[in-house]
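*Asks:*
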Amino acid sequence: MPGELTVSRVDVEDDAALAAWHGVAWRAGLHDRGENATTWTLPELTAQLRSLRRARSTAAYVGTVGGTAVAFGVTALPMLDNTGTAEVAVAVDPPQRRRGHGSAMLAHLLAEVGAQGRTTVHAEVDWPWGSSTDGAGSPGVEFARHHGFALGNLEVMRVLRLPVADAVLDALEPDLGGYTIRSWTGPVPEDLLQAWAEMDASLSTEAPTGDLQVEAQVANTVAVREGEQLLVAQGRTAYRAVALAPDGTAVGYTEVVTTVHEPGRAYQWGTLVHGDHRGHRLGLALKVAALRRLQAAEDPAGPVEHVLTWNAESNAHMVGVNERLGFVPVERCGVFERRL
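And the structure:
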């Protein structure tokens, strides 16, 4: 039938096929989100698809009409934990919308992950900060709900314009008593590797997850090192810090990541303080330390102009930390869930 979508798995060794597939998501992101778009660049996604990490299996699917790529799809499967869960993403080239292509791609992705034994599916949808809190009326949200997804957790994307003056950071830096902060750039030092793996794994359940079905992640030091190798392949640089208790135990961490493919932008990734050590303003101290290191660095991509971060709207403490640093909200992000 003319105009019918054909969905196929992308050959990750085919550069031209990857470029056509990625171009759909890139154009869709710019159309829908403008300067707030956070679609990974082609080199970053290519490196991820070609990596052989044990923690996560990612597959790309392209929808074509008459040989032209019009729909983008991705599945991501946790492999060490949460083995009943999958993540999916769908995008359609703006001129090709309202023709059923997104629905056809989603149906294909759900069939793929279902065939691999996944029974819980997560998908992220973004919408403007100034619109309704629950995203009602947003095309992406309405699409998700139409296909049986329910909002499981609500996050807010915030942006911090750089540089933050040293005087401001000085004023924010708390007195830590017997705690100390250790920061560095690049891979986790060997003496901190096990503690880092444990803290990073616990973030999945320590951070608010709303109504989502999420299991604790497995701490795996080999997976941490594989992730760091992927960062290098993607042209990313990690600025990291840990909080150390008086006995030298690592009890908190944070990381900020840049990429040569997005000059001027950094991403604030996970921040966590162990429950037994909260109340000492360690989260604020960690973020101040990471910002100092980022601003003092000669980043491979050049000067960083802004940092993006996401927090669950219910995470009042971390939201307060970010607001004190100067982050302001620009978008909402809903994580939607469907059971197969």
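The numbering of the sequence shown is the working numbering, which starts it at 30 and goes up by one.
A virtual CB, placed ideally from N, CA and C, is assigned to each residue, including glycine.
The model shown is predicted, which means the values in this text are computed figures rather than measured ones.
Going along the chain, which unbroken runs of the beta strand (DSSP E) with 3 or more residues stay wholly within the stretch 56-118?
*Replies:* Within the stretch 56-118, the complete beta strand (DSSP E) runs of at least 3 residues are 85-94 and 97-107.
*Asks:* Touching or not, the stretch 280-296 and the stretch 258-267, by the rule of three or more beta carbon pairs under 8 Å?
*Replies:* In short, these stretches touch, since the Cβ pair count reaches three.
*Asks:* Could you spell out where the alpha helix (DSSP H) holding His18 opens and where it closes?
*Replies:* This structure gives no information on residue 18, because the portion of the chain shown stretches from 30 to 369.
*Asks:* Would Asp342 and Glu184 qualify as a contact pair, given that the criterion is a beta-carbon distance under 8 Å?
*Replies:* Along the sequence shown, one-based indexing puts residue 342 at 313. Along the sequence shown, one-based indexing puts residue 184 at 155. Looking at the sequence shown, residue 342 is not Asp but Glu. Yes, these two residues count as a Cβ contact at 8 Å.
*Asks:* Under 8 Å by Cβ, that's how I've got Leu301 and Tyr208 pegged, so tell me the actual separation to the nearest angstrom.
*Replies:* Numbered from 1 along the sequence shown, position 272 holds the residue referred to as residue 301. Numbered from 1 along the sequence shown, position 179 holds the residue referred to as residue 208. Their Cβ separation, rounded to whole angstroms, is 15 Å, which puts Leu301 and Tyr208 out of contact at 8 Å.
*Asks:* Could you compute how far the alpha carbon of Asp155 sits from the alpha carbon of Glu360?
*Replies:* Taking the sequence shown and counting its residues from 1, the one referred to as residue 155 is at position 126. Taking the sequence shown and counting its residues from 1, the one referred to as residue 360 is at position 331. Looking at the two C-alpha atoms, the distance is approximately 7 Å.
*Asks:* Can Gln77 and Leu259 be called in contact, C-beta distance under 8 Å?
*Replies:* By one-based count along the sequence shown, residue 77 stands at place 48. By one-based count along the sequence shown, residue 259 stands at place 230. Going by C-beta atoms, Gln77 is nearer than 8 Å to Leu259.
*Asks:* Among the residues of its own chain, which have a CB less than 6 Å from the CB of Arg322, if the five just before and after it don't count?
*Replies:* Translated into the one-based positions of the sequence shown, residue 322 becomes position 293. Ser212 and Tyr268.
*Asks:* Count the other CB atoms within 10 Å of the CB of Pro107; is the residue buried (16 or more) or exposed (fewer)?
*Replies:* Within the sequence shown, the letter at position 78 stands for residue 107. So Pro107 counts as buried.
*Asks:* Among Ala279, Gln246, His290 and Gly277, whose alpha-carbon lies nearest the alpha-carbon of Ala262?
*Replies:* One-based indexing of the sequence shown puts residue 262 at position 233. Of the candidates Ala279, Gln246, His290 and Gly277, the one whose C-alpha sits nearest the C-alpha of Ala262 is His290.
*Asks:* Just curious, the alpha helix (DSSP H) that Asn351 is in, first and last residue?
*Replies:* The count along the sequence shown starts at 1 and reaches residue 351 at position 322. From DSSP, the alpha helix (DSSP H) with Asn351 extends over Ala345 to Leu354.
*Asks:* Using the three-state DSSP reduction, which class does Pro358 fall into: helix, strand or coil?
*Replies:* Here residue 358 refers to the residue found at position 329 when the sequence shown is read from its first residue. Strand, per DSSP.
*Asks:* Would you identify the three-state DSSP class for Ser161, choosing helix, strand or coil?
*Replies:* Indexing the sequence shown from 1 puts residue 161 at position 132. Coil, per DSSP.
*Asks:* Using the rule of at least 16 other Cβ atoms within 10 Å of the residue's Cβ for burial, across every protein chain shown, is Gln145 buried or exposed?
*Replies:* Translated into the one-based positions of the sequence shown, residue 145 becomes position 116. Under this definition Gln145 is an exposed residue.
*Asks:* Can the beta-carbon of Gly92 be found less than 8 Å from the beta-carbon of Val36?
*Replies:* Against the sequence shown, residue 92 aligns to sequence position 63. Against the sequence shown, residue 36 aligns to sequence position 7. Their beta carbons are under 8 Å apart, which means Gly92 touches Val36 by this criterion.
*Asks:* Is it true that the CB of Leu59 sits closer than 8 Å to the CB of Arg83?
*Replies:* Translated into positions along the sequence shown, residue 83 becomes position 54. Translated into positions along the sequence shown, residue 59 becomes position 30. No.
*Asks:* Using 8 Å for Cβ pairs, my map puts Arg367 next to Phe172. What's the rounded Cβ distance?
*Replies:* Mapped onto the sequence shown, residue 367 falls at position 338. Mapped onto the sequence shown, residue 172 falls at position 143. Not quite, the Cβ-Cβ distance comes to about 12 Å (not below 8 Å), so this is no contact.
*Asks:* In chain order, what residues of the same chain have a beta carbon less than 6 Å from the beta carbon of Gly239, not counting five sequence neighbours either side?
*Replies:* The count along the sequence shown starts at 1 and reaches residue 239 at position 210. Excluding sequence neighbours, Gly239 sits near Gly181 and Asn182.
*Asks:* Anyone know if the C-beta pair for Ala295 and Glu202 falls short of 8 Å?
*Replies:* Translated into positions along the sequence shown, residue 295 becomes position 266. Translated into positions along the sequence shown, residue 202 becomes position 173. No; because the gap between Cβ atoms is not below 8 Å, this pair is not in contact.
*Asks:* Looking only at its chain, what residues have a beta carbon closer than 7 Å to the beta carbon of Thr250, apart from the 5 residues adjacent to it on each side?
*Replies:* As a first step, residue 250 is located in the sequence shown; it is residue number 221 there, counting from the start. If we look at Thr250 and ignore the five residues flanking it on each side, its Cβ neighbours are Leu222, Gln223 and Ala226.
*Asks:* Straight-line CA distance for Tyr90 to Asp44?
*Replies:* For the purposes of this step, residue 90 is taken as the residue at position 61 of the sequence shown. For the purposes of this step, residue 44 is taken as the residue at position 15 of the sequence shown. Computed Cα separation, rounded: 14 Å.
*Asks:* Considering only C-alpha positions, which residue in the set Thr338, Leu354, Val350 and Gly143 is nearest to Ala66?
*Replies:* Numbered from 1 along the sequence shown, position 37 holds the residue referred to as residue 66. Closest option to Ala66, Cα to Cα, is Thr338.
*Asks:* If we ignore side chains and look at the alpha-carbon of each, how far apart do Ala165 and Met186 end up?
*Replies:* Within the sequence shown, residue 165 is the residue found at index 136, counting from 1. Within the sequence shown, residue 186 is the residue found at index 157, counting from 1. Those two C-alpha atoms are separated by around 18 Å.
*Asks:* In whole angstroms, give me the CA-to-CA distance for Trp55 and Thr149.
*Replies:* For the purposes of this step, residue 55 is identified with residue 26 of the sequence shown, where counting begins at 1. For the purposes of this step, residue 149 is identified with residue 120 of the sequence shown, where counting begins at 1. Cα-Cα distance, rounded: 27 Å.
*Asks:* Can you grab the Cα-Cα spacing for the pair Val193 / Val94, in whole Å?
*Replies:* Locating residue 193 in the sequence shown gives position 164, counting from the first residue. Locating residue 94 in the sequence shown gives position 65, counting from the first residue. The alpha-carbon atoms of Val193 and Val94 are separated by roughly 48 Å.
*Asks:* Please classify Gly456 as buried or exposed, where buried requires at least 16 neighbouring CB atoms within 10 angstroms.
*Replies:* Here the chain covers residues 30 to 369 and nothing more, so residue 456 does not appear.
*Asks:* Among Gly159, Thr75 and Asp61, whose alpha-carbon lies nearest the alpha-carbon of Pro168?
*Replies:* Translated into positions along the sequence shown, residue 168 becomes position 139. Nearest C-alpha to Pro168: Asp61.
*Asks:* Scan the stretch 257-287 and note each continuous beta strand (DSSP E) run of 3 residues or more that stays entirely inside, going in chain order.
*Replies:* Within the stretch 257-287, the complete beta strand (DSSP E) runs of at least 3 residues are 265-273.
*Asks:* Return the first residue and the last residue of the alpha helix (DSSP H) that Val193 is part of.
*Replies:* The residue labelled residue 193 in the question sits at position 164 within the sequence shown. Counting along the chain, Val193 falls outside any alpha helix (DSSP H), and DSSP gives it neither H nor E.
*Asks:* For Arg297, report the span of its beta strand (DSSP E) as first-last.
*Replies:* Taking the sequence shown and counting its residues from 1, the one referred to as residue 297 is at position 268. For the sequence presented, residue 297 should be read as Gln rather than Arg. Note, Gln297: beta strand (DSSP E), Arg294 to Val302.
*Asks:* Span of the alpha helix (DSSP H) holding Ser37?
*Replies:* Reading the sequence shown from its first residue, position 8 is the one you call residue 37. Element bounds for Ser37: not the alpha helix (DSSP H) but the beta strand (DSSP E), Thr35 to Arg38.
*Asks:* Are His51 and Leu34 touching if we call contact CB-CB under 8 Å?
*Replies:* Here residue 51 refers to the residue found at position 22 when the sequence shown is read from its first residue. Here residue 34 refers to the residue found at position 5 when the sequence shown is read from its first residue. No.
*Asks:* Who are Trp339's beta bridge partners in DSSP?
*Replies:* Sequence index remark: in the sequence shown, residue 339 carries index 310 (1-based). For Trp339, which the question treats as bridged, DSSP gives the partners Met186.
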